[in-house]
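One structure is given here, and the rest of the page talks about it.
Numbering (my numbering), first residue to last: 2 to 120.
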């Protein structure tokens with residue numbers, strides 16, 4: 002038994018196999034591109050939401066920083082006043098203690114003189 006195929010049938014068969022293979026490759030390529038596009042869209046959506054969250058956090062941090070700077074400026078303004086008050090208190094305590102020491106010395110002298118008169 003011999004199978005005879007004419008040339009035009011052979012060329013048509015090979016061409017149809019090539020076209021079928023090309024269609025399969027094109028279909029897989031299309032599916033791959035759609036999956037890749039979906040993955041990229043998902044990533045971009047995720048990145049966009051992360052950037053939105055980060056921007057909101059940056060705004061909060063900037064506001065906290067402004068508040069901190071404002072509080073620190075108020076502290077710097079009040080610091081010299083508190084320091085001077087503390088220094089004045091120490092100076093006043095020193096004056097009071099020196100006066101008490103002088104009074105104690107005078108009282109001691111009076112006690113010694115009173116003791117001599119009684120003897």
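Here a beta-carbon is modelled for each residue, glycine too, at the ideal position from N, C-alpha and C.
Query, Result
"Coil, strand or helix - residue 20 by DSSP", "helix"
"C-alpha distance - residue 17 paired with residue 33, whole-angstrom precision", "24 Å"
"Alpha carbon of residue 5 to alpha carbon of residue 14, nearest angstrom", "14 Å"
"Alpha-carbon to alpha-carbon, residue 9 and residue 41", "47 Å"
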